[in-house]
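Numbering follows full-length UniProt numbering, with no gaps: position 336 of the sequence shown is 336.
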Amino acid sequence: TQHNTFMAATQNKSHCVFNTLSVTGLVSSEPLWVQHDFCTFQPLSQKDAVEERHLLGSIAWPETPHLPHSLSLEQTSDPAHSTFTILPRTGGGQWHVGDQLGVMIKINDYQGFPKKSGGDVLLARMHNPILGAGVAGQVVDHLNGSYSGIFSLLWEGSVTLVHPSEAVTVLRRLTKEQPDRISFQSLFRSGALSETTTCNVCLRPTQQPVCNYTDPHTGEPWFCFKPRKLSCDTRINHSKGAFKQSLKAREENLFQSGVNMKVFIQASGPDSVAVLPKKNDEPKVKNWFVKPEWSGYYYQGLWRALSGTTVRQFNTSPAITQCLRGKAVHLYGDSTIRQWFEHLIATVPDIKEFDLHNERQIGPFMALDFANNILLTYRCHGPPIRFTNTPTSELRYVANELDGLIGGTNTVVVIGIWSHFSTFPLQVYIRRLQSIRRAVVRLLDRAPGTLVVIRTANLKDLTLYETLTNSDWYSLQHDKVLRAMFKGYNVRLVDAWEMSLAHHLPHSLHPQPPIVKNMIDVLFVPVET
Numbered sequence: 001t002q003h004n005t006f007m008a009a010t011q012n013k014s015h016c017v018f019n020t021l022s023v024t025g026l027v028s029s030e031p032l033w034v035q036h037d038f039c040t041f042q043p044l045s046q047k048d049a050v051e052e053r054h055l056l057g058s059i060a061w062p063e064t065p066h067l068p069h070s071l072s073l074e075q076t077s078d079p080a081h082s083t084f085t086i087l088p089r090t091g092g093g094q095w096h097v098g099d100q101l102g103v104m105i106k107i108n109d110y111q112g113f114p115k116k117s118g119g120d121v122l123l124a125r126m127h128n129p130i131l132g133a134g135v136a137g138q139v140v141d142h143l144n145g146s147y148s149g150i151f152s153l154l155w156e157g158s159v160t161l162v163h164p165s166e167a168v169t170v171l172r173r174l175t176k177e178q179p180d181r182i183s184f185q186s187l188f189r190s191g192a193l194s195e196t197t198t199c200n201v202c203l204r205p206t207q208q209p210v211c212n213y214t215d216p217h218t219g220e221p222w223f224c225f226k227p228r229k230l231s232c233d234t235r236i237n238h239s240k241g242a243f244k245q246s247l248k249a250r251e252e253n254l255f256q257s258g259v260n261m262k263v264f265i266q267a268s269g270p271d272s273v274a275v276l277p278k279k280n281d282e283p284k285v286k287n288w289f290v291k292p293e294w295s296g297y298y299y300q301g302l303w304r305a306l307s308g309t310t311v312r313q314f315n316t317s318p319a320i321t322q323c324l325r326g327k328a329v330h331l332y333g334d335s336t337i338r339q340w341f342e343h344l345i346a347t348v349p350d351i352k353e354f355d356l357h358n359e360r361q362i363g364p365f366m367a368l369d370f371a372n373n374i375l376l377t378y379r380c381h382g383p384p385i386r387f388t389n390t391p392t393s394e395l396r397y398v399a400n401e402l403d404g405l406i407g408g409t410n411t412v413v414v415i416g417i418w419s420h421f422s423t424f425p426l427q428v429y430i431r432r433l434q435s436i437r438r439a440v441v442r443l444l445d446r447a448p449g450t451l452v453v454i455r456t457a458n459l460k461d462l463t464l465y466e467t468l469t470n471s472d473w474y475s476l477q478h479d480k481v482l483r484a485m486f487k488g489y490n491v492r493l494v495d496a497w498e499m500s501l502a503h504h505l506p507h508s509l510h511p512q513p514p515i516v517k518n519m520i521d522v523l524f525v526p527v528e529t
C-alpha cells in the first residue's frame, strides 16, 4: 500500500520549505527531507551518505569550457579536424594477439587549433567486419585536449566523438537547472469528477499543496500536486508528460548528427595493424586496465569473455529449453529488459505468454511452459518511468518485488534500471540502487543459490531530443555508478555497454536481435559451484 499524505509547499525568500503532514495530521517537528535545489530526498544513513559522496567523486567529469553568450562553434571540438594515431608496440617488434594496443587522440577545434582542455565524450573500438570481430576500448582523458585509447585485442580501430566538451557543459547545466524537463502527470478520479496534475521527484515550489507518495518501505520519493477538489488517495494512473526544451541561443549547434555528435575521428596514419598469432614463449605485456569477468569481445559475431569463461551459444530451441527447465526467471526494469522477455518468448519453443490484458509497453507479463516447469515474468520498475497510462497498482519498486521472492537455485533475477533516470541528479539514481542492493543482499542471505543478474546501460542513436534527455554521456555516468554499486557482490554483470560498443550494428536504445541474443547467452552461462 502507498503512504498517501500531502505536503504544503511554500516559498520563504529564496528557499523552498516543506512542512510534511504525518498520517495523523500532525506537523512533524523533525526535518524529514533534504533539498537538492528543488529535488527532495529523505536523508541517508551515515554509511550510505559516505558511499554517495565517494561515488559522485569517483565519476566526476573533468571541467568543461564556460560557454559565452554569443556561442560560436569555431573554438569547440571538431571531429573533422581531430585525429588519432596508433602508438608503437611496447618493447618494439611485431603485434601479436593478446597485446595491448594504444592510440593517441588529438582533439582540435573548427579552426584546426589544438584544444587545451579535456571533457570531450569519446568512444573507441576495434573491429574486423570480415571476422565478425570487435572489442571496446577504454579512453583516458589527459585534460589537455589529448586522450589515450587502449585496446585488449587487435583489429582495425576507430574513434568516435560522441559530444564535444562544450556540449557536456550544456548537459550538466540542464541536469542542475531543469531536472523536470520531462514532466509526469497523474489522473485523479472519484465518480464523475476527475483532475490531472503534475508529478515528479523534482517539483518546483508553488503555493499548491503536494501529495506525498514516498514509498514507506524503500523511502523512494514521489510527489504530485494535489488536485483542487479531490483527495490524494484518488490517484489512478501515472504517465509521462511533456518535454520542455530550453536551450540558450545557438546551443543546438553543439548537438548536430554528422557534424559534432557521434562522428568518427580520422586516423593521422594507418588505422590498422598486422596481427600475428600469440607466441606462447613471449612474455605477456602488462595490461593497463583490469577488465571485469564478463568484459569481452566479438569473434564471428559471438561474444567471448576476456577472462576465458566459456559463453555457451544457445543456438537451438532444445538447448534453450534444457537450460531453463525448472527455472523461474523474473525480469525487472525498463524497456531494455522488456526486450529480453520478448526475445525469450520468441525463442523458447513451448513457452506461452499468459494474457494478463495489460498494455504492451507497461506489463506486467507472464509466460509459462508447463511441460518443462518454466516460468518467465517481467515487471517495469517504479517511478520515474516514462510510460503512459500506468495504473498506480502497477507502480512497483524493484526492491519491494525482490523482498517478495522466495529465491533459490531455480530462481533467476534480472535487473536493468538506468534509462529513465538520466534527467535527474545522480543522487536519485544512487539512492534507487542502494535500495535495490539492500534487497538483493536480503534475497541472497535467505536464498544463497539465487542467480542475480545486473544489465548495464547501452549506447543509443542520438537525436537532439534523445541527447537532451538520454545522452550517452548521462548513461555513462549512470553506468559507472551501477558497476561501482554492485562491485564485490555475488551478482553477474551483463555488460550491455561493451556489447553495444564493440558490435558493428548501429547504436540503439533497444539493441538489435544479434546483440540481444549474445546478452541472453551471457545471462545463461552455468553458475559454477
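Backbone N, C-alpha and C define an ideal beta-carbon position, used for all residues, glycine too.
By alpha-carbon positions, which one of the options ends up nearest to residue i?
{"i": "LYS460", "options": "TYR429, LEU433, TRP497, TRP340", "result": "TRP497"}
{"i": "VAL273", "options": "PHE151, LEU426, ALA167, VAL413", "result": "PHE151"}
{"i": "PRO68", "options": "ARG89, GLU195, THR169, THR423", "result": "THR169"}
{"i": "ASN144", "options": "HIS163, GLU63, HIS217", "result": "GLU63"}
{"i": "LEU493", "options": "ARG438, ALA305, SER190, HIS504", "result": "ALA305"}
{"i": "VAL210", "options": "SER231, HIS217, PRO216", "result": "SER231"}
{"i": "ALA167", "options": "ASP141, ASN212, LEU468", "result": "LEU468"}
{"i": "TYR332", "options": "ARG446, ARG438, ILE417, ILE105", "result": "ILE417"}
{"i": "LEU131", "options": "ILE105, ILE59, TYR299", "result": "TYR299"}
{"i": "GLY112", "options": "GLN75, THR456, GLY102", "result": "GLN75"}
{"i": "VAL50", "options": "ILE430, ILE436, GLU394, MET499", "result": "ILE430"}
{"i": "VAL135", "options": "GLY119, TRP155, SER117", "result": "TRP155"}
{"i": "LEU276", "options": "ASN458, VAL97, PRO513, GLN46", "result": "VAL97"}
{"i": "GLY191", "options": "GLY219, TYR397, ARG235, MET519", "result": "ARG235"}
{"i": "VAL525", "options": "THR90, THR309, MET104, VAL329", "result": "THR309"}
{"i": "LYS116", "options": "LEU123, LEU122, ASN108", "result": "ASN108"}
{"i": "VAL412", "options": "ILE436, ASN470, HIS330, PHE354", "result": "HIS330"}
{"i": "PRO349", "options": "ILE320, ARG189, SER146, VAL481", "result": "ILE320"}
{"i": "LEU171", "options": "LEU254, PHE223, PHE225, THR197", "result": "LEU254"}
{"i": "ASN410", "options": "THR392, LYS352, LEU376, VAL398", "result": "LEU376"}
{"i": "PHE41", "options": "ILE406, LEU444, TRP222, HIS420", "result": "TRP222"}
Considering just the uninterrupted stretch of the alpha helix (DSSP H) at residue i, what are its terminal residues?
{"i": "ASP472", "result": "472-486"}
{"i": "ILE337", "result": "335-347"}
{"i": "TRP497", "result": "496-502"}
{"i": "ALA439", "result": "426-446"}
{"i": "SER239", "result": "Element bounds for SER239: not the alpha helix (DSSP H) but the beta strand (DSSP E), 237-243."}
{"i": "residue 533", "result": "This structure cannot settle anything about residue 533, because the visible part of the chain is limited to 1 through 529."}
{"i": "VAL414", "result": "Note, VAL414: premise wrong, no alpha helix (DSSP H); beta strand (DSSP E) at 411-416."}
{"i": "LYS165", "result": "The amino acid at residue 165 is misidentified as Lys; the sequence shows Ser. Taken as a continuous stretch (DSSP letters only), the alpha helix (DSSP H) holding SER165 covers 165-177."}
{"i": "GLU57", "result": "The residue you asked about is not Glu; residue 57 is Gly in the sequence shown. Start and end: 46-58."}
{"i": "CYS323", "result": "317-324"}
{"i": "VAL398", "result": "398-403"}
Comparing the C-beta of residue i with each C-beta of chain B, is any distance below 8 Å?
{"i": "ASN108", "result": "Among the chains of the structure shown, chain B does not appear; only one protein chain is present."}
Using the DSSP secondary-structure output, state which residues sit across from residue i in a beta bridge.
{"i": "MET104", "result": "THR85, SER148"}
{"i": "MET126", "result": "VAL135, GLY157"}
{"i": "ARG455", "result": "VAL494"}
{"i": "PHE111", "result": "The sequence shown places Gln at residue 111, not Phe. Bridge partners of GLN111: none, in fact."}
{"i": "SER257", "result": "MET261"}
{"i": "MET519", "result": "Looking at the DSSP assignment, MET519 forms no beta bridge with any residue, so it has no partner."}
{"i": "GLU353", "result": "ALA367"}
{"i": "ASP99", "result": "DSSP output for ASP99 lists no bridge partner at all."}
{"i": "ALA267", "result": "PHE84"}
{"i": "GLY296", "result": "ALA305"}
{"i": "PRO391", "result": "ASN237"}
Our contact map puts residue i next to residue j with C-beta atoms below 8 Å; I'd like the distance itself, whole angstroms only.
{"i": "LEU193", "j": "LYS229", "result": "6 Å"}
{"i": "TYR474", "j": "SER508", "result": "Going by Cβ atoms, the distance from TYR474 to SER508 rounds to 16 Å, so no, they are not a contact pair."}
{"i": "LEU73", "j": "ALA249", "result": "That pair is no contact at about 13 Å."}
{"i": "GLY241", "j": "SER165", "result": "Between SER165 and GLY241 the Cβ distance is about 31 Å, and since that is not below 8 Å, they are no contact."}
{"i": "PRO448", "j": "THR175", "result": "The Cβ separation is near 39 Å, so there is no contact."}
{"i": "LYS345", "j": "ALA367", "result": "It is Ile, not Lys, that sits at residue 345 in the sequence shown. Contact flag correct, Cβ pair sits at about 5 Å."}
{"i": "LEU462", "j": "GLU252", "result": "Not really, about 13 Å apart at Cβ, beyond 8 Å."}
{"i": "ALA148", "j": "VAL140", "result": "The question names Ala, but residue 148 is Ser in the sequence shown. That belief holds up - the Cβ atoms of SER148 and VAL140 are roughly 4 Å apart, short of 8 Å."}
How is the beta strand (DSSP E) around residue i delimited, first residue to last?
{"i": "LEU375", "result": "374-380"}
{"i": "ARG304", "result": "302-305"}
{"i": "LEU193", "result": "193-200"}
{"i": "ASN212", "result": "209-212"}
{"i": "THR40", "result": "39-41"}
Could you tell me if the beta carbon of residue i falls within a distance shorter than 7 Å of some heavy atom in the ligand ATP?
{"i": "VAL494", "result": "The model depicted lacks the ligand ATP and carries no ligand whatsoever."}
Taking contact to mean 3 or more Cβ pairs, one atom from each stretch, closer than 8 Å, check whether the segment 178-194 and the segment 478-487 are in contact. Under the 8 Å Cβ criterion, the segment 178-194 does not count as touching the segment 478-487, having fewer than three qualifying pairs.
Between the segment 262-270 and the segment 73-92, do three or more beta carbon pairs fall short of 8 Å? These segments touch.
Using 8 Å as the threshold, is the segment 351-371 in touch with the segment 382-402, meaning 3 or more CB pairs across them? Judged by Cβ distances under 8 Å, the segment 351-371 makes contact with the segment 382-402, as three or more pairs qualify.
Hey, is the segment 82-94 in contact with the segment 48-64, meaning 3+ C-beta pairs nearer than 8 Å? With the cut-off at 8 Å, the segment 82-94 and the segment 48-64 do not touch.
Count the CB pairs spanning the segment 327-347 and the segment 368-384 that are closer than 8 Å, and state whether there are at least three. These segments touch.
Does the segment 447-457 touch the segment 397-415, meaning 3 or more C-beta pairs lie closer than 8 Å? Touching, yes.
Can we say the segment 504-518 touches the segment 205-220, given the rule of at least three CB pairs closer than 8 Å? In short, these stretches do not touch, since the Cβ pair count stays below three.
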